[in-house]
Structures are given as C-alpha cells and as structure tokens.
Amino acid sequence: MQAFADFYDGETATRHPVHVTLGPDRMALLIRGDTLPQPLRWPLADLRALHDQSDRRQLVLTRHVEFRDETARDPARLVVDDPDFMAWLRATRPALDARDVPRGTGRRVALWIAGALAAVGLMLFVILPALADTLARAIPEAREAAFGRSVVAQMERVLGAERMGGLDCEAPAGRAALDRMAARLTGAADLDTQVTLRVLDHEMVNAFAAPGGQVVILRGLLDEAGSPETVAAVLAHELGHVARRDPTRAALRTAGSVGLLGLVFGDFAGGAAMLLVAERLIDARYSQDAEEAADLYAHELLARADIPPAALAQMFERFRELDGDTRGAFAHLMSHPRLGDRIAAARAATPEGFAGRPVLSPAEWRALQDICG
Amino acid sequence: MTAPVTPTDPAPGADTAAPRYTGEGGALFGLALRTAVLTLLTLGIYRFWAKTRIRRYIWSSVQLDGTRFEYTGTGLEKFLGFLVAVVILAIYLGLVQLLLAFLGLSLFVTPESPGAALAQGVAFSLTGLAVLPLVFFAQYRARRYKCGRTRWRGIRFGMEKAAWGYALRALLYYGLALLTLGLLWPLATWRLSRYMIDRTWFGDARFTLGGRWTGLYPAMTHILVPVALLVGGTAFAILSERPALAAILPPVAAIWLVIGVVHYRVQSFAYLTRHTTLGGTVGFDARPRTGTVIRKYVGGSILIALAIGVVGGLLTSFFGVLFGGLMQMAEAGRPDGAAGAMAFVLPMLAALFGYLAILLFSGAAAYALIVQPILAHYTETLAVSDVAALQDIRQRAADRGADAEGFADALDLGGAI
Numbered sequence: 001m002q003a004f005a006d007f008y009d010g011e012t013a014t015r016h017p018v019h020v021t022l023g024p025d026r027m028a029l030l031i032r033g034d035t036l037p038q039p040l041r042w043p044l045a046d047l048r049a050l051h052d053q054s055d056r057r058q059l060v061l062t063r064h065v066e067f068r069d070e071t072a073r074d075p076a077r078l079v080v081d082d083p084d085f086m087a088w089l090r091a092t093r094p095a096l097d098a099r100d101v102p103r104g105t106g107r108r109v110a111l112w113i114a115g116a117l118a119a120v121g122l123m124l125f126v127i128l129p130a131l132a133d134t135l136a137r138a139i140p141e142a143r144e145a146a147f148g149r150s151v152v153a154q155m156e157r158v159l160g161a162e163r164m165g166g167l168d169c170e171a172p173a174g175r176a177a178l179d180r181m182a183a184r185l186t187g188a189a190d191l192d193t194q195v196t197l198r199v200l201d202h203e204m205v206n207a208f209a210a211p212g213g214q215v216v217i218l219r220g221l222l223d224e225a226g227s228p229e230t231v232a233a234v235l236a237h238e239l240g241h242v243a244r245r246d247p248t249r250a251a252l253r254t255a256g257s258v259g260l261l262g263l264v265f266g267d268f269a270g271g272a273a274m275l276l277v278a279e280r281l282i283d284a285r286y287s288q289d290a291e292e293a294a295d296l297y298a299h300e301l302l303a304r305a306d307i308p309p310a311a312l313a314q315m316f317e318r319f320r321e322l323d324g325d326t327r328g329a330f331a332h333l334m335s336h337p338r339l340g341d342r343i344a345a346a347r348a349a350t351p352e353g354f355a356g357r358p359v360l361s362p363a364e365w366r367a368l369q370d371i372c373g
Numbered sequence: 001m002t003a004p005v006t007p008t009d010p011a012p013g014a015d016t017a018a019p020r021y022t023g024e025g026g027a028l029f030g031l032a033l034r035t036a037v038l039t040l041l042t043l044g045i046y047r048f049w050a051k052t053r054i055r056r057y058i059w060s061s062v063q064l065d066g067t068r069f070e071y072t073g074t075g076l077e078k079f080l081g082f083l084v085a086v087v088i089l090a091i092y093l094g095l096v097q098l099l100l101a102f103l104g105l106s107l108f109v110t111p112e113s114p115g116a117a118l119a120q121g122v123a124f125s126l127t128g129l130a131v132l133p134l135v136f137f138a139q140y141r142a143r144r145y146k147c148g149r150t151r152w153r154g155i156r157f158g159m160e161k162a163a164w165g166y167a168l169r170a171l172l173y174y175g176l177a178l179l180t181l182g183l184l185w186p187l188a189t190w191r192l193s194r195y196m197i198d199r200t201w202f203g204d205a206r207f208t209l210g211g212r213w214t215g216l217y218p219a220m221t222h223i224l225v226p227v228a229l230l231v232g233g234t235a236f237a238i239l240s241e242r243p244a245l246a247a248i249l250p251p252v253a254a255i256w257l258v259i260g261v262v263h264y265r266v267q268s269f270a271y272l273t274r275h276t277t278l279g280g281t282v283g284f285d286a287r288p289r290t291g292t293v294i295r296k297y298v299g300g301s302i303l304i305a306l307a308i309g310v311v312g313g314l315l316t317s318f319f320g321v322l323f324g325g326l327m328q329m330a331e332a333g334r335p336d337g338a339a340g341a342m343a344f345v346l347p348m349l350a351a352l353f354g355y356l357a358i359l360l361f362s363g364a365a366a367y368a369l370i371v372q373p374i375l376a377h378y379t380e381t382l383a384v385s386d387v388a389a390l391q392d393i394r395q396r397a398a399d400r401g402a403d404a405e406g407f408a409d410a411l412d413l414g415g416a417i
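Shown next as structure tokens:
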C-alpha cells in the first residue's frame, strides 16, 4: 500500500509533498519526502481522521498523542486523496474515527455539572426568595398598591373587560353588605396594609389577592358559596396573602428566576417551553407553601372574628364538586395543595362547641349575591 | 495534490491565491438537521456539539492555496465553558434582575402618566445596560476562542487576552456613536476592529489593520442619504403642503435605510479586510457585493418559506382527514371512550410535533440556503497576495481558551456560526 500525499509538520506552514508507504513490519506508515529532514514513522494504531469534513474525496490524518492541547492530537497533518489508499485505511483501521477523551474527563464534567446545578439551585431556592422577602417589605406602600392596581387591570383585560372598571359590581346594598363583612374581618386582623376589595362580574369560581392589598372576588364565587360564612372564609384566606405580602414576593422572585432560567436553557428549539415548565415547577413549590400559610392565617382570623374556620372547608368541598381533586404526579404542577388536606385542616381548626355569630343577615346575603345586578 | 492557484485582479501574479468555498447545501442541511434533532432529544445539551460539528464542516469547506481550514474546537470544552459561565452569570444576572425589578417597582410603578411610563422604560433598559459590558466581553472571548481553534496547514490562529479592554472601549465608542446619532459609527467600527485585528495572530505572524476610520464613510452613504431624504423631504412636503409626498417618504426611506445598514456591514468588512496585512507582507483583497448578499438572503428565505408552506399544508390536510375520522368515531361511540380521548390528544401531539418539525427544518435549511451561500460569496470574493510568505510562518503555543465562549453561549450571542 502506498500513495502520494501532502504533509504539514505542525511546526511551520510549509507544504511537504511526501510518499507514504506501509512499513516492513506492517505496523506503521512511513512518510518520506525530499523536504523532510528524515522519514517519519506513524504507528497504525495511533492514526486518526478529522471528523465532519466537507470534502469526502480526501482524508486528513493525524496521530493520537498524549494531550498537549484541546484536541489530543499531533499538530502534524497528512492529507491523503488517493482513493485506493483511503479505502484501504477505512477498511483496516476502525480506530480512525475514535474519539479520544482525556482521562478524568467524566469526573471533571460531573464536578462542573454539580457545581452549576448547586449555584443555580442556591440562587433559585435560597438567595432569590430571601432577597425577594426582604425587598418586598422595603417597597413603599403607595407604590405597591399602584403595582397591584396594574396587575388587577391586567386581570380585568384577561377576563374580557372592554374598558377599565367595566366588570365592576357596585350595587349599593350588596356593596354595603360586602363592606360589613370585610370590616368584621379586618377589625379582627392587624393588617399594616390598606385593603381594597372589588367584585368582578365573571362566572369563574375564584378570588385572588394582588400586590398592595388589592383583593378581587369573582361573581361565580358568590353564586356557588352557599352561605356568607363561606365567602368570609375565602376573604380571610386572601387577607392571609395580603398580610404575608405573597403576591409582591412572588413577582420579585419570578423576575429574578426567569432571568436566570433563560440563561440556562438558551435559545434552542423548545428552550422557551422548557423555561415555562421550569418556572411553573418552582412557582408551584412556593405557592403551595404560601397557600398553606394563608389557610392557617384564615383559620386564626376566622376564629377571632367569631366565624367557624370550618366554613373554609365548605368552600373547598364545593371546589371539589366542581372540578375534582388532583392526584399523583400532576399535583406537583398545581399551584395549590390538595383539597382533601385543606378540608381536613379547616375542620381540625374549629374547636368543639364553637359558637359563631352570623356574618350577614339573610337580606344582606341576598343583596351581596345580587351585587352584580 | 496540486492546488489550483488562480490569479485574481488586485495584484495579478502567481503569488496571489483566491480561496474557494466547496461546502454543499445537502450535506450541511443533513448535518444541521441531525444535530438539531439530537439537541432537541437531549433537552438542549447537544447544542454545543451541534455547533462544533457545523463549524468543522464549514471551516473545512474553505480552501486557500490548496489547503483546507480546520476547526479543532470540541463540544465537550464548549459544554464545560458554558457551565463555568452559568455559575458566574447565574449569580450576577439573578441578583441584577431582581434588584432592578425592585427599583422598577419602588421608584416608578404604574405608567399612569406618560412621564412615569418613560421612567419605567428607562428602568427596564437598565437591565440591558447591566449586561452590556458582559456582552462585549463575551463577544471578544468568543472571537478569541474561534481563532484559537482555527488552523491552516497545521498552524494555529490565535488572539491575545484582552476581553475587558475591549469591553471598556466598546462601551466608550458605541456610547460616542449613540450620542452623535450614529455619525461617529465608523470611528467605533474602525477602532474596535483595529483593537481586535492587531491582537490576532497566525502562527508567529501578526495581523495589522491600516487605513483610516474616515475611510468607512463611503460605506455609510446609503444610511446617510435616506435619513437626509426623510428629514429634508418631510420638511419640504410639510412646508409646501404636499401630503402625498409626506406619506410616501417614510416607507421609502425605511426600506432604503435597511438596505443601507446591510451595505455598511458588507462594505465596512470589505474595507477593513483590504486594509489588513499579515506579517507585514501578506495582503488581502475583499470585493463582496451588497446586492448579492441581499439577494442570497431574500432568495433563501423565500425558498424556506415555500418549503414550509407546501410540507406544512400537506401534513395539515393529512392529519385533518385522519382526525376528522377519529372525531366521527368518537361521536358515534360512547363520548368518554378511548377513541374520544384519542380524538383530542392525538391532534395536540400532532400539532406539537409539526411545530417542532418546522422549527428544526427551518433552522437547518437556514444554514444550507442562507448562511452557507453568503459565506461562499464572501470567501470567493476574497484574495490573498504574497501567499509564498505564509510558508515561513511558525507554530504558536496552544490557547487553553478557559471558558470556550461559554459566556457568549449563555448570553445567546452565538449568531449563525
């Protein structure tokens, strides 16, 4: 086997026309050229070809040597374009395409992956939440309320309001009943935030708290609640979020973690989807904690306001009838804990022989249910 | 192995070599598509290997004086570099984002007035500013890494370590260009290019940039003319009360301006290349044509859009018929049966699959139909004089390349190649 080829010695950019033959021991290639000071011997076992090359009619050969740079290859190159010689090499040298990885690479990769995961995890789960908690307390109250108003405005648009305030329910008698209910609860609570309470005309059975004491009840909740005590229980739960500044903390934490996760997933196809799922998972972890804490806050507040905490359980039972509980792996993706646990907790928080006072008179309750006209 | 040495116009003679580009569309498309699928299957981790393999192919497609270029970077070192960058950036960016969100909230929250909205915009663009020095730093490091992993005739290219110096100057010069409404943009282009070119080596020979920054103004013609036309023309139209003229000027000027920006990029590259020398004797000549670059870009884009339209249409109608049948089966049988569930889940899966397929296909097609043809044009309009001087150039030491452009990857500054 023999061929003419080009040789570059890896020391200068000079081209050496060479003649390549198989050595007498059939163990190595002998490279001879007029411009080479002496013939070179490249053991067959060390021969490697460059990958992903554009020209299939030539083979760029090099040698596997101990690692002096990024490639683990001799900087010298032997460029062969003799078809027979290339075919012979391909047929007899399976190691030609071997990828030689330095020893200890696996360990190095594992260490760096662990380090990167630890740094990202530390940021996502320790530093950003802690900072968000601290900073949430430092935001001026007026600013927080203004931010909350813009969040609610966003929500109104999502619910289909054609103009701002277009979904507001303001029937005077219903409003008076609602204010009475709210006063009973805020009187028993020691909130340092001014609470703004609104009812929006939408059939969704839900209520939410936005930053700065903005609490919104959707009409569907009033329709399905069954009793004023149940509505009061939901309100107490949302006041729990207000007292703990959950919405503001979540907004700050999300700002940090989305910026960080965007970095990790990059811009490959589907990267944005990965980011959303990851943020959802992290968010679910925090909001489940927040929901539990808000439930606990509601239990205490309701008891102080002479309303049985078990009223919260009635609301959750109604939710369960409407939607069904989430079970298994899917529950991790949900922002709220499982309803069964929350119902049991609300029941357990009501002392035996608890004597409550009615929240609203039957007439007031009717007025509240008709607040949207 | 004799090389076709084609003489070209600038300095006719046996000593001038014109590089050739020999990459094939089909081969690059196949490679890009295979690596994109692997990237998707590995949730993005393979993207470092994908980029490395595509670079190997493209580098080896450029042939100068009979020898192909070689890219020696590895996917592994890029992956490790990315991890290093993530550790540093995660901490920096996470903190900066959160603090800026806090500042944004506590200083100027609700855009209840136009002034407040403006202030809020400023607060959000601060995020960009906080990252900007890092962006320039990463750009220089990425260029240094690519140089350090490029070889020709076994000899390494390389760049000196000067990324922070570059970031500082880039902030200064681009800031100056911004303050002068773009009038000093050529100054920024030339000074920053010189900073990089003068620190670039091939073996033991150094590149140097000559010329003057004012030499870039001719390349800026098609930016300055449409702007002047827009300002002057609109003033004239308003003063002479010609509403038709005032209406037609902005779109015309906008299209002209876009072409002008491309023209500046192409021709400033050409000017800088023509004024670059290697080792004092080796010269370069570049004559890329703006029209050709735009034609290849637009032509490639139209081809890809057509292909997606045809294939997407066929798939949609095929699945439409299939799922229509399923729906009917579902309605005929019990509504909550297995067919019912399939009738809803399968179309969603098909839509997701179709979306991903189109994403992967168009990415790979862009390499083959846009990136590569434009690169081929740049390569084939280039000429190197005094190539004989190259053979005395000696090897340089390997660059460890620390983060292997990990910062650029983490900040998504990659670009096509």
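Protein sequence lines, in the order shown, are assigned to chains B and G. Residue numbering for the first sequence follows the UniProt record's numbering, beginning at 1 and increasing consecutively. Residue numbering for the second sequence follows the UniProt record's numbering, beginning at 1 and increasing consecutively. Cβ atoms here follow ideal geometry from the backbone N, Cα and C, with glycine treated the same way.
Own chain partners of residue i with C-beta closer than 6 Å, once the 5 adjacent residues on each side are dropped
i       : result
T193(B) : G213, V242
E352(B) : none
L222(B) : Q369
P4(G)   : Residue placement at P4(G) is flagged as unreliable, the pLDDT there being 45, under the threshold of 50; a coordinate-derived value is accordingly withheld.
A404(G) : E77, K78, G81, Y145
G256(B) : L128
S60(G)  : R68
Cβ shell of residue i (< 7 Å), same chain only, five flanking positions each side left out
i       : result
A329(B) : For A329(B), the pLDDT reaches just 44, beneath the cut-off of 50, and the residue's location in the model is therefore unreliable, although a value from the coordinates is still provided. Answer for A329(B): no residue qualifies.
L159(B) : L167, L200, H202
R327(B) : Confidence at R327(B) is low in this model, with a pLDDT of 46, below 50, so its placement is unreliable and the value that follows should be read with caution. Same-chain partners within the cutoff: there are none.
T39(G)  : Y46, R47, A50
T248(B) : A136, I139, E144, P211
R41(B)  : G23, A28, L30
Residue i and residue j closer than 9 Å at C-beta
i       : j       : result
R57(B)  : P94(B)  : no
Y145(G) : D386(G) : no
L245(G) : A237(G) : yes
Y174(G) : H222(G) : no
P43(B)  : R63(B)  : yes
A365(G) : F82(G)  : no
T381(G) : A286(G) : yes
I54(G)  : Y378(G) : no
L252(B) : L124(B) : no
A162(G) : F136(G) : no
V96(G)  : L411(G) : no
Y57(G)  : L33(G)  : no
L59(B)  : M86(B)  : yes
Y271(G) : A219(G) : yes
Residue i - partner residues in DSSP beta bridges
i       : result
D285(G) : A383(G)
D100(B) : None; D100(B) has no bridge partner.
I155(G) : W152(G)
F48(G)  : For F48(G), which the question treats as bridged, DSSP gives no partner whatsoever.
W201(G) : G158(G), R206(G)
Own chain partners of residue i with C-beta closer than 8 Å, once the 5 adjacent residues on each side are dropped
i       : result
V18(B)  : F4, A5, D6, F7, I31, R32, G33, L36, L78
T186(B) : V195, L239
R394(G) : I155, G203, D204
* Counting pairs of beta carbons, one from the segment 190-203 of chain G and one from the segment 225-234 of chain G, are three or more of them closer than 8 Å? -> Contact between the segment 190-203 of chain G and the segment 225-234 of chain G is absent, because fewer than three Cβ pairs lie under 8 Å.
Got a sec: which bits of the segment 58-69 of chain G sit with their beta carbon under 9 Å from any beta carbon on chain B, in order along the chain?
Correct list: I58, W59, S60, S61, V62, Q63, D65, G66, T67, R68.
Checklist entry - Looking at chain G, which residues of the segment 86-119 of chain B have a Cβ within less than 8 Å of any of its Cβ atoms? => result Cβ contacts with chain G: V101, T105, R108, V109, W112, I113, G115, A116, A119.
Short of 8 Å Cβ to Cβ, which residues in the segment 297-316 of chain G face chain B? Only those residues of the segment 297-316 of chain G whose C-beta falls short of 8 Å from the nearest C-beta of chain B would be listed, and there are none.
Q.
Closer than 9 Å between beta carbons: that is the criterion. Which residues of the segment 141-157 of chain G meet it against chain B?
A. For the segment 141-157 of chain G, residues whose beta-carbon sits nearer than 9 Å to a beta-carbon of chain B comprise G148, R149, R151, W152, R153, G154, I155, R156.
* **chain B contacts from the segment 72-84 of chain G (Cβ-Cβ distance under 8 Å)** => For the segment 72-84 of chain G, residues whose beta-carbon sits nearer than 8 Å to a beta-carbon of chain B comprise T72, G73, T74, L76, E77, F79, L80, L83, V84.
Quick one, which residues of the segment 227-239 of chain B are near chain G if we go by CB-CB under 9 Å, in chain order?
So nothing in the stretch comes that close.
Taking three-plus beta-carbon pairs below 8 Å as touching, is the segment 61-72 of chain G in contact with the segment 20-34 of chain G? With a cut-off of 8 Å, the segment 20-34 of chain G and the segment 61-72 of chain G count as touching, because enough Cβ pairs lie within range.
Item to complete: Decide if the segment 112-120 of chain B is in contact with the segment 87-107 of chain G; the criterion is three or more beta carbon pairs, one per stretch, under 8 Å apart.
Response: Flag = yes, the segment 112-120 of chain B and the segment 87-107 of chain G touch.
Discussion item. Can you confirm whether the segment 307-324 of chain G touches the segment 347-354 of chain G when touching is taken to mean that 3 or more C-beta pairs between the two stretches lie within less than 8 Å?
Written reply: Contact holds: three or more Cβ-Cβ distances are below 8 Å.
- Taking three-plus beta-carbon pairs below 8 Å as touching, is the segment 224-235 of chain B in contact with the segment 283-293 of chain B? Under the three-pair Cβ rule at 8 Å, the segment 224-235 of chain B does not count as touching the segment 283-293 of chain B.
Name the residues in the segment 86-98 of chain G whose C-beta lies less than 8 Å from a C-beta of chain B; which are they? Against chain B - using a Cβ distance shorter than 8 Å - the residues of the segment 86-98 of chain G are V86, V87, L89, A90, I91, L93, G94, L95, V96, Q97, L98.
Proximal residues, the segment 266-282 of chain G versus chain C, C-beta separation under 8 Å: Considering every chain present, this structure includes no chain C. Its protein chains are B and G.
Practice item. Mind checking the segment 30-47 of chain G against chain B and listing, in chain order, the residues whose C-beta falls within less than 8 Å of any C-beta there? Key: Flagged, chain order: L31, A36, T39, L40, L43, G44, R47.
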